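Asks: Protein chains in written order, with numbering that gives the first Met the number 0: chain A, 0 to 250; chain B, 0 to 78.
First the structure, then my questions, so here it is.
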Amino acid sequence: MMQALIIYQMKLTKNISITVFCLFYCLFVTSQNNKVNCVTYKIDRYTYGDEKEVKDNELLRAFRALEYELIYNDTRSIYKPVDKLYEGDSDGEYQIAQMLAGYYFFKDIVTKEKMEQSEIGSSKFYVIKEFEEYKWEISSETKIIDGYTCYKATSYKEGYSELRGRVNKFFPTVWFAPSIPAPFGPYGLDGLPGLVLEGTFNGRIYFYATHINRYCDTKIELQKPTNGKYVTEKEFSEISTKNAKENLYGR
Amino acid sequence: MKKVIFSAIAMIAFVGSSMANTLEVEKIETPPQSCISSAIFQVNEYEQINGCLSDTQYNFMLQHYFNKCQSKLTAIDPC
Numbered sequence: 000m001m002q003a004l005i006i007y008q009m010k011l012t013k014n015i016s017i018t019v020f021c022l023f024y025c026l027f028v029t030s031q032n033n034k035v036n037c038v039t040y041k042i043d044r045y046t047y048g049d050e051k052e053v054k055d056n057e058l059l060r061a062f063r064a065l066e067y068e069l070i071y072n073d074t075r076s077i078y079k080p081v082d083k084l085y086e087g088d089s090d091g092e093y094q095i096a097q098m099l100a101g102y103y104f105f106k107d108i109v110t111k112e113k114m115e116q117s118e119i120g121s122s123k124f125y126v127i128k129e130f131e132e133y134k135w136e137i138s139s140e141t142k143i144i145d146g147y148t149c150y151k152a153t154s155y156k157e158g159y160s161e162l163r164g165r166v167n168k169f170f171p172t173v174w175f176a177p178s179i180p181a182p183f184g185p186y187g188l189d190g191l192p193g194l195v196l197e198g199t200f201n202g203r204i205y206f207y208a209t210h211i212n213r214y215c216d217t218k219i220e221l222q223k224p225t226n227g228k229y230v231t232e233k234e235f236s237e238i239s240t241k242n243a244k245e246n247l248y249g250r
Numbered sequence: 000m001k002k003v004i005f006s007a008i009a010m011i012a013f014v015g016s017s018m019a020n021t022l023e024v025e026k027i028e029t030p031p032q033s034c035i036s037s038a039i040f041q042v043n044e045y046e047q048i049n050g051c052l053s054d055t056q057y058n059f060m061l062q063h064y065f066n067k068c069q070s071k072l073t074a075i076d077p078c
């Protein structure tokens with residue numbers, strides 16, 4: 000009888016130990032998952048004169064009102080607009096600004112995946128990008144952004160536009176901080192040995208970090224999106240062109 | 000008799016000409032140039048100010064300005 004009781008007590012102690020271990024392990028794993036970094040970005044336009052500045056004021060105002068967040072951990076990042084309401088968008092300027100500034104970007108450096116969400120009408124697509132989308136050339140030029148020394152990097156990208164019948168050329172430029180060793184950035188401007196704190200895709204509209212919050216708490220999970228159709232850049236370009244042609248010339 | 004006929008013709012001519020002057024000239028909104036041309040112009044202008052657009056951005060912008068132009072045309076004559 001006594002022996003049975005001792006065996007029972009031992010089993011109970013073992014079970015409790017396993018339960019406590021599991022509990023601590025789960026807490027540890029959960030806390031690791033929540034340990035992400037958040038950076039807030041805003042958008043503006045590099046000025047080059049006053050004349051047209053006034054002319055395009057409404058759209059620029061819409062760009063300036065937008066706010067984006069880059070959330071990342073050691074391996075993944077998402078870049079998306081901050082959820083907020085934009086009042087007085089009767090002319091659809093915010094809609095245009097948001098479309099141009101991007102909806103959602105995802106990057107995973109382990110699986111080497113990079114994608115951007117895009118929409119045509121009510122259909123949602125995830126455009127699969129080349130993982131090393133930009134071949135960066137790093138210069139020795141520096142500037143301080145929010146206390147971080149940033150280096151300038153430039154790249155080149157081109158793409159054929161069927162609707163225009165010409166090749167578009169872009170010269171992206173970014174400023175990245177090697178002291179924040181995360182290969183992420185806004186608007187898919189990434190792949191550098193440091194976080195991008197300022198960057199432009201076309202040399203005019205640029206994204207700049209306003210709050211750099213290391214180790215922030217967020218409920219957003221850095222998961223690969225699944226609620227849309229995955230297409231390559233070429234496929235998406237074809238769908239977009241076909242849709243535009245139907246709308247413009249098919250009526 | 001000739002006088003009567005002449006007076007009648009003169010009267011008709013006078014009334015006609017005076018009527019012609021008082022007729023209200025209906026204001027016809029001249030439709031803007033083709034909405035496609037208008038949209039292309041606007042997107043080009045946008046690019047001048049804000050930098051080049053990618054292929055898909057261009058398609059989106061073009062449709063946006065085109066739809067805006069079309070809806071303005073519809074608004075002129077709701078019937």
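The beta-carbon is built from N, C-alpha and C at its ideal position, and this holds for glycine as well.
In this text, all values refer to a predicted model and were calculated from it rather than measured experimentally.
Specify, as a first and last residue, the run of the beta strand (DSSP E) that L52(B) falls within.
Replies: L52(B) -> no beta strand (DSSP E), and no H or E assigned at all.
Asks: Does the segment 107-118 of chain A touch the segment 34-54 of chain B, meaning 3 or more C-beta pairs lie closer than 8 Å?
Replies: Counting Cβ pairs under 8 Å, fewer than three are found: no touch.
Asks: Listed from N- to C-terminal order along the chain, which residues in the segment 110-128 of chain A have their beta-carbon within a distance smaller than 7 Å of any beta-carbon of chain B?
Replies: The segment 110-128 of chain A vs chain B, Cβ under 7 Å: S117.
Asks: Report the residue from L84(A), G146(A) and T231(A) whose alpha carbon sits nearest the alpha carbon of I211(A).
Replies: The residue with the shortest Cα to Cα distance from I211(A) is G146(A).
Asks: Are the Cβ atoms of Y78(A) and E68(A) separated by less than 9 Å?
Replies: A contact, by the Cβ cut-off of 9 Å.
Asks: Between which two residues does the beta strand (DSSP E) carrying E283(A) extend?
Replies: Because chain A spans 0 through 250 in this model, residue 283(A) falls outside it and cannot be assessed.
Asks: Using three-state DSSP, classify F206(A) as helix, strand or coil.
Replies: Note: F206(A) maps to strand in three-state DSSP.
Asks: G227(A) to I127(A), Cα distance in whole Å?
Replies: C-alpha separation (whole angstroms): 12 Å.
Asks: For G202(A), which residues in chain B fall below 7 Å Cβ to Cβ?
Replies: Correct list: G50.
Asks: Is D54(B) near G184(A), with beta carbons less than 9 Å apart?
Replies: No, these two residues do not count as a Cβ contact at 9 Å.
Asks: Under 8 Å: do the segment 162-174 of chain A and the segment 182-202 of chain A share three or more Cβ pairs, one atom per stretch?
Replies: Counting Cβ pairs under 8 Å, three or more are found: they touch.
Asks: Determine the DSSP secondary structure at S139(A), reduced to helix, strand or coil.
Replies: S139(A) falls in the strand class under three-state DSSP.
Asks: How many Å lie between I238(A) and N36(A) at the Cα?
Replies: Distance between the alpha carbons of I238(A) and N36(A): 35 Å.
Asks: So, for L140(A): in the same chain, excluding its five sequence neighbours on each side, which residues have a beta-carbon less than 6 Å away from its beta-carbon?
Replies: Correcting the residue type first, residue 140(A) is Glu in the shown sequence and not Leu. K151, listed in sequence order.
Asks: Ignore the nearest five residues each way along the sequence and tell me which others in E25(B)'s own chain have a CB closer than 7 Å to its CB.
Replies: Bear in mind that the predicted position of E25(B) carries a pLDDT of just 47, short of 50, making it unreliable; the figure below should be weighed with that in mind. Here the set comprises nothing.
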